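If you count the sequence shown from 1, position 176 lands on 176 in my numbering, and the numbers rise without skipping. From the three backbone atoms N, C-alpha and C, an ideal C-beta is built for every residue, glycine too. Computed from a predicted model, the values in this text were never measured in an experiment.
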Amino acid sequence: MQIKFAKLHGLGNDYAFMDTFDPQLKKVNLNRLARKISYRHLGIGSDGLIVITKGGKNPFRMRVFNVDGTEGEMCGNGVRCAARYIYENGLSKNKKQKIETKAGIIETEIVDTQKFWVRADLGKIKYKVKKMKLKLKGKIWPIDFVTLGKHPHAIVFVKQFPENWTEIGNLIETHRLFPKRTNVE
């Protein structure tokens, strides 16, 4: 089966995009597709797969699938790209969209169609920092936990990246303290 997709990026986050308005795509295992398409060596390579579907109360819903196939709540750069995908693919002529996500409804507006600047209201940014320490791989990691808009971020300050930084990042992202996962910076 051939699947039509687009690849877009917003400030360095690159995603493969597709929509499920083609009836044959309703049968596709999106978790598996996200893993295959996102793999940078054998797929097209991306930070994940974003799928545009019909919304409940609004015309569109955005589903975000991570590289490992798990479904995330939302991505700020991803939702801006979703607004562009919807507009450029003729799914809507409206420059303003309310896009449903697992984190809630995000209002977007295409400000400039030449440079494709898209504004997104990600909600009130909570700057309250929660400091915590996690013991991982025999070491204590100090972490600042913040919520930016509707998505959590765990920030780890280091003087030098450890050799196993990817492994540590994955352990933090999926730690039991973050049942819905977290971004790690």
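Requested in this report: Please look up how many angstroms separate the CB atoms of I168 and L136, rounded, as I've assumed it's under 8 Å.
Outcome: Here residue 168 is taken as the residue at index 168 of the sequence shown, counted from 1. Here residue 136 is taken as the residue at index 136 of the sequence shown, counted from 1. Their Cβ separation, rounded to whole angstroms, is 6 Å, which keeps I168 and L136 in contact under 8 Å.
Query raised in the report: DSSP state of R63, grouped into three classes?
Result: Here the question's residue 63 lines up with position 63 in the sequence shown. Strand.
Query raised in the report: CB T20 to CB T53, shorter than 8 Å?
Result: If you number the sequence shown from 1, residue 20 lands on position 20. If you number the sequence shown from 1, residue 53 lands on position 53. The answer is yes: Cβ separation under 8 Å.
Report task. Tell me Y15's beta-bridge partners as DSSP assigns them. Result -> Within the sequence shown, numbered from 1, the residue matching residue 15 stands at position 15. The partner list for Y15 (beta bridge, DSSP) reads L8.
Query raised in the report: Distance, Cα to Cα, I155 vs K130?
Result: In the sequence shown, the residue the question calls residue 155 occupies position 155. In the sequence shown, the residue the question calls residue 130 occupies position 130. Whole-angstrom Cα-Cα distance: 10 Å.
Query raised in the report: With C-beta atoms as the reference, is F116 less than 8 Å away from I86?
Result: Residue numbering aside, residue 116 sits at position 116 when the sequence shown is read from its first letter. Residue numbering aside, residue 86 sits at position 86 when the sequence shown is read from its first letter. No, these two residues do not count as a Cβ contact at 8 Å.
**Report entry** A34 beta carbon less than 8 Å from that of E73
**Finding:** Translated into positions along the sequence shown, residue 73 becomes position 73. Translated into positions along the sequence shown, residue 34 becomes position 34. No, the Cβ-Cβ distance between E73 and A34 is not below 8 Å.
Query raised in the report: From the DSSP output, which residues share a beta bridge with I188?
Result: Since the first residue shown for the chain is 1 and the last is 185, residue 188 is missing from the structure and cannot be characterised.
Query raised in the report: Can you tell me where the beta strand (DSSP E) with L49 in it begins and where it stops?
Result: For the purposes of this step, residue 49 is identified with residue 49 of the sequence shown, where counting begins at 1. It spans G48 to K54 - the beta strand (DSSP E) in which L49 sits, taken as one unbroken run.
Query raised in the report: Taking just the CA atoms, how far does G55 sit from V108?
Result: Position 108 of the sequence shown, counted from the start, is the residue given in the question as residue 108. Position 55 of the sequence shown, counted from the start, is the residue given in the question as residue 55. The displayed chain sequence assigns Thr, not Val, to residue 108. Rounded to the nearest angstrom, the two C-alpha atoms are 15 Å apart.
Query raised in the report: Going along the chain, which residues of its own chain have a beta-carbon closer than 8 Å to the beta-carbon of W141, five neighbours each way excluded?
Result: By one-based count along the sequence shown, residue 141 stands at place 141. Closer than 8 Å at the Cβ level, and outside the excluded window around W141, lie K133, L134, K135, V156, I168 and I172.
Requested in this report: Run the CB neighbour count on Q24, radius 10 Å, all protein chains shown included, and call it buried at 16 or more, exposed below.
Outcome: Numbered from 1 along the sequence shown, position 24 holds the residue referred to as residue 24. Burial call: exposed.
Query raised in the report: With DSSP run on the structure shown, which of helix, strand or coil describes G76?
Result: Here residue 76 corresponds to residue number 76 of the sequence shown, with the count starting at 1. It is helical.
Query raised in the report: Based on the DSSP output, what are the partners of I183 in its beta bridges?
Result: Taking the sequence shown and counting its residues from 1, the one referred to as residue 183 is at position 183. A small correction: the amino acid at residue 183 is Asn; Ile does not occupy that position in the sequence shown. N183 pairs with H153.
Query raised in the report: Any heavy atom of the ligand SAM closer than 7 Å to the CB of D68?
Result: Among the components modelled here there is no ligand, and therefore nothing to report on the ligand SAM.
**Report entry** N-terminal and C-terminal residue of the beta strand (DSSP E) that R119 is part of
**Finding:** Locating residue 119 in the sequence shown gives position 119, counting from the first residue. Its beta strand (DSSP E) spans residues W117 to D121.
Query raised in the report: How should T101 be labelled, buried or exposed, when 16 other C-beta atoms within 10 angstroms of its C-beta is the threshold for buried?
Result: Taking the sequence shown and counting its residues from 1, one reaches residue 101 at position 101. The residue in question, T101, is buried, as its Cβ has 16 or more Cβ neighbours within 10 Å.
Query raised in the report: Thinking C-alpha only, which one of N89, N183 and F145 is nearest F5?
Result: Here the question's residue 5 lines up with position 5 in the sequence shown. Checking every option, the nearest Cα to that of F5 belongs to N89.
**Report entry** Endpoints, the alpha helix (DSSP H) within which E173 is located
**Finding:** Here the question's residue 173 lines up with position 173 in the sequence shown. It spans W165 to E173 - the alpha helix (DSSP H) in which E173 sits, taken as one unbroken run.
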